[in-house]
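Take a look at the structure set out below.
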Ligand SMILES: *Cc1c(COP(=O)(O)O)cnc(C)c1O
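Numbering (the numbering used here), first residue to last: 1 to 223.
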């Protein structure tokens, strides 16, 4: 029915090397559109509201990998803990502890990325390198058995200044390398760099993204 989603997905895939994972960001979009992308072979979808993701999940095929890409409040973790595939934007120890608790309740381990504040301006969320080090060095972190840190995530400034975006992506890659060296040397699962959206994913791939999160270019503009 929707030729556009098919064509958009095809176009986006042509720009993405096979080792980079494409997440189709379906926030605000109806399950019918997600099903259409699924029918084109897409399996990874991204949402940024816990209740919205929890409502869509049972209406769609079981083999979808659901990525939570937005800011997650601790009191919402319970809605998604039984099925979420990867939580992209963890930026406090408190949230990590709650994810661990809910993962334990569901007898599973939940994969997470640490969100870094890379935009040179205007961003409310995300860790500094120092704050991430403090979490990873803490006794409380070492007690968490049901979360697994698989890499980093960041959002560049919304700007047309390509060099600025590039610098910001580069800083995320540097945080990744530095954390890998200090904390995850013997952890092969620590390998993901989630960066790049519709407007800047080509730059993100050039700067080392392993995951890109693309919404409007696939599903059309949001309200
Ligand atoms: C909405 C969103 C995206 C996708 O944005 P588009 O510009 O529509 O591609 C990617 N990442 C996060 C964290 C988002 O909230």
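All residues carry an ideal CB built from backbone N, CA and C; glycine is no exception.
- Burial state of residue 75 is exposed, judged by a 10 Å Cβ sphere holding fewer than 16 other Cβ atoms.
- In summary, residue 137 is exposed, with fewer than 16 beta-carbon neighbours lying within 10 Å of its beta-carbon over all protein chains present.
- Around residue 69, the same chain offers 46, 48, 88 and 213 as residues with beta carbons nearer than 6 angstroms, after the five sequence neighbours per side are excluded.
- Counting along the chain, residue 12 sits inside the alpha helix (DSSP H) bounded by residues 3–14.
- Remark: the C-beta of residue 126 is outside contact range of ligand 1, defined as less than 6 angstroms to any heavy atom.
- Residue environment for residue 55: exposed (fewer than 16 other C-beta atoms within 10 angstroms of its C-beta).
- For the options 118, 191 and 119, the alpha carbon positioned closest to that of residue 148 is the one of 191.
- Between residue 26 and residue 16, the C-beta spacing is not below 7 angstroms.
- For the set 3, 203, 97 and 140, the Cα lying nearest the Cα of residue 170 is the one of 203.
- Straight-line measurement puts the Cα of residue 10 at about 27 angstroms from the Cα of residue 151.
- Non-local beta-carbon contacts of residue 5 in its own chain, meaning distances under 6 angstroms to residues more than five positions away in sequence, involve 36 and 37 in chain order.
- Going by DSSP, residue 68 is part of the beta strand (DSSP E) stretching over 65–68.
- By the 16-neighbour rule on beta-carbons within 10 angstroms, residue 181 is exposed.
- DSSP, reduced to helix, strand and coil, places residue 213 within a strand of the structure shown.
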